[in-house]
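Those sequence lines, one after another, are chains A and B.
Quick note: the first sequence uses the numbering used here, first residue 1, plus one each step.
Quick note: the second sequence uses the numbering used here, first residue 1001, plus one each step.
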Amino acid sequence: MGSHWPKLVSVFTLLMAGIVISLLEPAANGVPETLILEWIPQLGLNVNLRADSFGLFMALIITGIGAGVFSYSSGYLADDPRTGSIIGWLLVFMSAMLGVVLADNIVLFFVSWELTSISSYILIGTNQHDAKARAGARAALLVTSIGGLALLAAVVLLGNASGEWNFSQISPIHNHSWATPIFILICLAAFTKSAQWPFSFWLPNAMSAPTPISAYLHSATMVKAGVFLLARMHPILSEHFAWTPTLVAISAITMIVVIFSVPKATDMKALLAHSTVGALALMVCLIGIGTPYALNAMVLFLLAHACYKGPLFLVAGAIDHAVHSRDINALGGLAPKMPYTTITACIAGISMIGFPPMLGFAAKEMILEAGLSYASWLVGLISVLVMVFVMVGACVVWIPAFGKNKQFVKVAHEASWAMLIPMLLISSIGLIAGLGLSSLENLLIAPAVVSLGVKPEELGLWHGFTIHLSLSVLALLVGWVAFTQRHRLNRLMPALPNGLAMHESVWSSAIGFGRAMTRIIQNGSLTSYLGTTIVVSCTLIIHAWVHADTSINPAIVQKVTLAELSAGLLIMASSLVTAFAGKRLPAIAGLGSMGMGMTLFFIVSQAPDLALTQFLVEISAVVLLVVTFRHLPDFVAQPMKVQTGRLLIAGLTGLTMTVLTLVALSTDYGPRVSQWYALNALKQGQGNNVVNVILVDFRALDTLGEITVLGIAALGVGVLMGSLQHTKLKRGRV
Amino acid sequence: MKSSPILDITLRWLVVLLGIVSFFLLLRGHDEPGGGFSAGLLAASAVIVMTIAYGADVGRKLLYFQPLSYMAVGLMIAVLAGMLKLNASFLSSVWIKVPLGFTTLKLGSPLLFDLGVYIVVLGVVSSFVLEIESVVSKKGM
């Protein structure tokens, strides 16, 4: 077996869960623990953590399931060389997710939110050699980052509208004029993260990730961040007129999409992913209804869902690990070979289909009652969704364990204990919590609901013979019938538009647009780059000069000394030589003597440092040119039209720079900073050479930037030369 | 190509001389004309001379380390020089004066910073020359 250190990580995560539990009581008493660390105090940005009951409720799910997933991974990944990076990124994700649920500062919340998206992207793309995994990862990243940008805008608007940057201090803002944009942006963020229509396609496509990741990120924790955001915003925005209609409508559409997608799926993980989208839609819907009862139901369902969907994913992973298939049309009869996996699957599955005495049953009854209090059509829709859950449960629990197809029975083997123990433990929480509902209520659910700003309702497994009980019995029966007739249903169901395909076409047209733009802008001709750059900047300068109130002082022209004039003449003469030289060698010589003219100019102006550096640069440049020019193709004279164009550009440049220099010299800028440098070089910089003191002390940060740029330029030259050695550079390709 | 003893001996002395002068330029840079930029250029010109005379391989041998390592080490020295003074903003200078009897030696973080600049410039310019020369000589043969 592989290394055991992921198990240590698991123990460490369990310890964190212990810390979370120890924080529960002060939070329940209304005095949550807070922690404030300075981050960027100049901007008023601090790491404000506030362990309120709802946050802790989520943190307990994150650390609890996390501990299980780490232990499971040590068996599932076994000798996989990527174990280190997967566990590392899972830890990054877990920290980010804890940041999301415990952050009080909304900017910190945003940063953590984005970190979960990024770690999710990398984890989905774990099988980076698989094109499908890459496409799924990219879709997840792009969709969730649209939401991330929306969240950033919402956070900025929210902070400015309310004047507060902590969730705990923001008062309801539904009457503010920005309430509607904030609401829309928050919805965008929550719906992308929690895979609601029309963004629901990314979640089923994220299933190419290894199963522990699917179980942890894409069912138990990360996808619930959107739900969490909506719940956090509930006290602040729920009075907004669009809150209930929007949330209920979008979640209802999502449920319909799920109802139509499930009968088409045959992959265990895809089935579970579709039902996760449905479960998230239920949570969004309950927050939308917004009554205390509905919020109670949401919190209870959130816990129940984490306790059954996580283990079901882990079961799917264990079966995949043992027989290398997740296709429900191929699996069957594994129960005798994998007894403990089957027990886990049954416990979790019974909770999923909402059968007493499981937690899932209590949650489902509350959901149906909350739906009933809102609208009868909604309760009908939820019943159909429950029926679909029954179908999914039957498909992923019944078929692999007891199905008739026995082709894999021979190779099947039970998973290792490192995988089994967390599966069994997490799923049995659903059973224990269902039986001990009242203590769960006092410890966890009621305080969490209170911290959402509503009063807790009494939870109970048995509500008597009510309408919703008969509805759930009906859903159970119809669900079973639908399961037995699933092949017929599969044929009857219309195919939905493929979200991923649409996303891919948008993606590829964006890339195509980029290619086209690149072909126009980066055409590969150095001459046209230079020409464009020079003409544009000269035009801008002349435009600014024409519109500015400046005049050229004629006195500065009279101050020119003979030495300066001769240096200038040398430069002019050598530039003419360069321009009219018919061959390369004289042109290079002209360039070199132009540089010498510049050096002379610096000497005349009493700038020995500049002169020295200019001199050395000129020599190196000329030497380099001489080394290379022998190997360049022969010099070809350009046609007259091209020559004239270049002459015009050159003339424009010369004219602009002359004007610019004259204007700059005629303008009085007030006291010069150079005098301060000259006065303080020795006093503060301990040096007589003012230029050097500026370079290495007063403005050392600029120098650091410059040498970094130099290094990068050298890297660029290296890449260019290196690639020229091996392959011919293709044009117009990115 | 036939080797020329005059070229060989001249170059050997020239390289040593360029190295010494460049170091001299670096050290005196804080008070007299000089400094990391020009000193680095001068040091790189030793590499340029050897590269042109004997080819890129000899230039590389003279440098001993990869040009890339020079850039990395130089940048690292410059950044470290900026962090020498504790409890102050980045790149604050710190000086110590060492009395040597006949004169006092002035050592400070800006000098270390300039050494970083020197090494980066040496690495960058050498890498330009070596890269171009190795491409050109392959094409030209």
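Glycine included, C-beta positions come from ideal geometry on N, C-alpha and C.
A quick note: this is a predicted structure, and the numbers were derived from the prediction, not measured.
Report the three-state DSSP secondary structure of B/I1096 (helix, strand or coil).
Taking the first residue of the second sequence as 1, we reach residue 1096 of chain B at position 96. If DSSP states are grouped into helix, strand and coil, B/I1096 belongs with the strands.
Taking a contact to mean a Cβ-Cβ separation below 8 Å, would you say A/S261 touches A/G226 in this structure?
Mapped onto the first sequence, residue 261 of chain A falls at position 261. Mapped onto the first sequence, residue 226 of chain A falls at position 226. For A/S261 and A/G226, no; Cβs fall outside 8 Å.
So what's A/I146 in DSSP terms, helix, strand or just coil?
Indexing the first sequence from 1 puts residue 146 of chain A at position 146. A/I146: helix per DSSP, three-state reduction.
Against chain B, which members of the stretch 615-636 of chain A pass a CB distance test of less than 9 Å?
F615, L616, V617, I619, S620, V623, L624, V626, V627, T628, R630, H631
Quick one: list the residues of chain B neighbouring A/Q686, beta-carbon separation under 8 Å, in chain order.
Taking the first sequence and counting its residues from 1, the one referred to as residue 686 of chain A is at position 686. What A/Q686 touches in chain B: H1030, S1093, W1095, K1106, G1108, P1110.
At what residue ranges does the stretch 199-249 of chain A contain a whole run of the alpha helix (DSSP H), taking only runs of 4 or more?
Runs of the alpha helix (DSSP H) inside the stretch 199-249 of chain A: 202-205, 211-215, 224-237.
Could you spell out where the beta strand (DSSP E) holding A/W39 opens and where it closes?
The residue you call residue 39 of chain A lines up with position 39 of the first sequence. Its beta strand (DSSP E) spans residues 33-40.
Name, please, each residue of chain A whose Cβ falls closer than 7 Å to the Cβ of B/M1071.
For this step, residue 1071 of chain B is matched to residue 71 along the second sequence. Near B/M1071 (Cβ distances below 7 Å), the residues of chain A are G711, A714.
What are the boundary residues of the beta strand (DSSP E) that A/G47 is part of?
For the purposes of this step, residue 47 of chain A is taken as the residue at position 47 of the first sequence. Per the sequence shown, residue 47 of chain A should be read as Val rather than Gly. Per DSSP, A/V47 belongs to the beta strand (DSSP E) from 45-51.
Just the C-alpha distance for A/D104 and A/S214, rounded to the nearest angstrom, thanks.
Reading the first sequence from its first residue, position 104 is the one you call residue 104 of chain A. Reading the first sequence from its first residue, position 214 is the one you call residue 214 of chain A. Cα-Cα distance, rounded: 28 Å.
Which residues in chain A have a C-beta closer than 7 Å to the C-beta of B/L1075? List them in chain order.
Here residue 1075 of chain B is taken as the residue at index 75 of the second sequence, counted from 1. Here the neighbours are I707, T708, G711.
Leaving out five residues on either side along the sequence, give the residues of the same chain with a beta carbon under 7 Å from the beta carbon of A/L682.
Numbered from 1 along the first sequence, position 682 holds the residue referred to as residue 682 of chain A. Cβ neighbours of A/L682 beyond the five flanking positions: N688.
Is the distance from the Cβ of A/L229 to the Cβ of A/A190 below 8 Å?
Within the first sequence, numbered from 1, the residue matching residue 229 of chain A stands at position 229. Within the first sequence, numbered from 1, the residue matching residue 190 of chain A stands at position 190. Yes; because the gap between Cβ atoms is below 8 Å, this pair is in contact.
Looking only at its own chain, which residues have a Cβ that is under 7 Å from the Cβ of A/M598, when we skip the five neighbours before and after it?
Sequence index remark: in the first sequence, residue 598 of chain A carries index 598 (1-based). Hits under 7 Å: I571, Q614.
From A/F735 to A/S575, what distance separates their C-alpha atoms?
Summary: the structure shown does not reach residue 735 of chain A, with chain A confined to residues 1 through 734, and so no result is reported for it.
Under 8 Å between C-beta atoms, does B/I1020 make it to chain A?
Taking the second sequence and counting its residues from 1, one reaches residue 1020 of chain B at position 20. It does not: the Cβ of B/I1020 has no partner Cβ on chain A nearer than 8 Å.
Exposed or buried, what is B/E1131 when buried is set at 16 or more other beta-carbons lying within 10 Å of its beta-carbon?
Numbered from 1 along the second sequence, position 131 holds the residue referred to as residue 1131 of chain B. With 16 or more other Cβ atoms within 10 Å, it is buried.
From A/E100 to A/A133, what does the alpha carbon distance come to, in whole angstroms?
Within the first sequence, numbered from 1, the residue matching residue 100 of chain A stands at position 100. Within the first sequence, numbered from 1, the residue matching residue 133 of chain A stands at position 133. In the sequence under discussion, the amino acid at residue 100 of chain A is Val, which differs from the Glu named in the question. When rounded, the distance between both Cα atoms is 26 Å.
Please report the straight-line C-alpha distance between A/A664 and A/S551, rounded to a whole angstrom.
Along the first sequence, read from residue 1 onward, the residue named residue 664 of chain A stands at position 664. Along the first sequence, read from residue 1 onward, the residue named residue 551 of chain A stands at position 551. Looking at the two C-alpha atoms, the distance is approximately 10 Å.
Buried or exposed: where does A/M594 fall if 16 or more other Cβ atoms within 10 Å of its Cβ makes it buried?
On the first sequence, residue 594 of chain A is found 594 positions in, with the first residue counted as 1. That one is buried.
When burial is assigned at 16 or more other CB atoms within 10 Å of the CB, is A/M298 buried or exposed?
Taking the first sequence and counting its residues from 1, one reaches residue 298 of chain A at position 298. Buried, by the Cβ-count rule.
Do A/V92 and A/L115 have their CB atoms nearer than 8 Å?
Position 92 of the first sequence, counted from the first residue, corresponds to residue 92 of chain A. Position 115 of the first sequence, counted from the first residue, corresponds to residue 115 of chain A. The answer is yes: Cβ separation under 8 Å.
Taking only beta-carbon positions, decide if B/A1078 is within less than 8 Å of chain A.
Stepping through the second sequence from its first residue, residue 1078 of chain B is reached at position 78. Among the residues facing chain A, B/A1078 is included, as its CB has a counterpart in that chain under 8 Å away.
What does A/N29 reach in chain B if we use C-beta pairs closer than 7 Å?
Taking the first residue of the first sequence as 1, we reach residue 29 of chain A at position 29. Correct list: empty, because the minimum Cβ distance to chain B is about 42 Å.
Can you give me the start and stop residues for the beta strand (DSSP E) that B/L1107 sits inside?
In the second sequence, the residue the question calls residue 1107 of chain B occupies position 107. Residues 1104-1108.
I need the DSSP call for A/A17, collapsed to helix, strand or coil.
Locating residue 17 of chain A in the first sequence gives position 17, where the first residue counts as 1. Note: A/A17 maps to helix in three-state DSSP.
Taking DSSP as the reference, what is the three-state secondary structure of A/N105?
By one-based count along the first sequence, residue 105 of chain A stands at place 105. Looking at A/N105 - three-state DSSP - the assignment turns out to be strand.
Any Cβ of chain B within less than 8 Å of the Cβ of A/V284?
Position 284 of the first sequence, counting from 1, holds the residue named residue 284 of chain A. For A/V284, the answer is no, since every Cβ of chain B falls outside 8 Å of its Cβ.
Go through its chain and collect everything with a Cβ distance to B/S1134's Cβ below 8 Å, but skip five positions before and after it.
Translated into the one-based positions of the second sequence, residue 1134 of chain B becomes position 134. The answer, listed in chain order, is A1056.
Evaluate contact between the stretch 43-59 of chain A and the stretch 472-484 of chain A, counting only Cβ atoms and requiring at least three cross-stretch pairs below 8 Å.
no
Please identify the residue among B/L1042, B/S1045, B/L1018, B/V1124 whose C-alpha is closest to the C-alpha of B/G1074.
As a first step, residue 1074 of chain B must be located in the second sequence, where it is residue number 74. Considering only alpha carbons, the answer is B/V1124.
In the DSSP assignment, find the unbroken alpha helix (DSSP H) run with A/H631 in it and report its ends.
What you label residue 631 of chain A is simply residue 631 of the first sequence in a count that begins at 1. Where A/H631 is concerned, there is no enclosing alpha helix (DSSP H), given that its DSSP letter is neither H nor E.
Given a cut-off of 8 Å on the beta-carbon distance, is the pair A/G317 and A/M352 in contact?
Sequence index remark: in the first sequence, residue 317 of chain A carries index 317 (1-based). Sequence index remark: in the first sequence, residue 352 of chain A carries index 352 (1-based). Not closer than 8 Å, so no.
Taking A/T518 as part of the alpha helix (DSSP H), name the residues at either end of that continuous run.
Position 518 of the first sequence, counted from the start, is the residue given in the question as residue 518 of chain A. A/T518 -> alpha helix (DSSP H) spans 499-521.
What are the start and end residues of the alpha helix (DSSP H) that includes A/C395?
As a working mapping, residue 395 of chain A is identified with position 395 in the first sequence. Unbroken run through A/C395: none, as it is neither H nor E.
Thinking C-alpha only, which one of A/I603, A/I445, A/L435, A/A139 is nearest A/A563?
Here residue 563 of chain A corresponds to residue number 563 of the first sequence, with the count starting at 1. Shortest Cα-Cα distance from A/A563 to any of A/I603, A/I445, A/L435, A/A139 involves A/I603.
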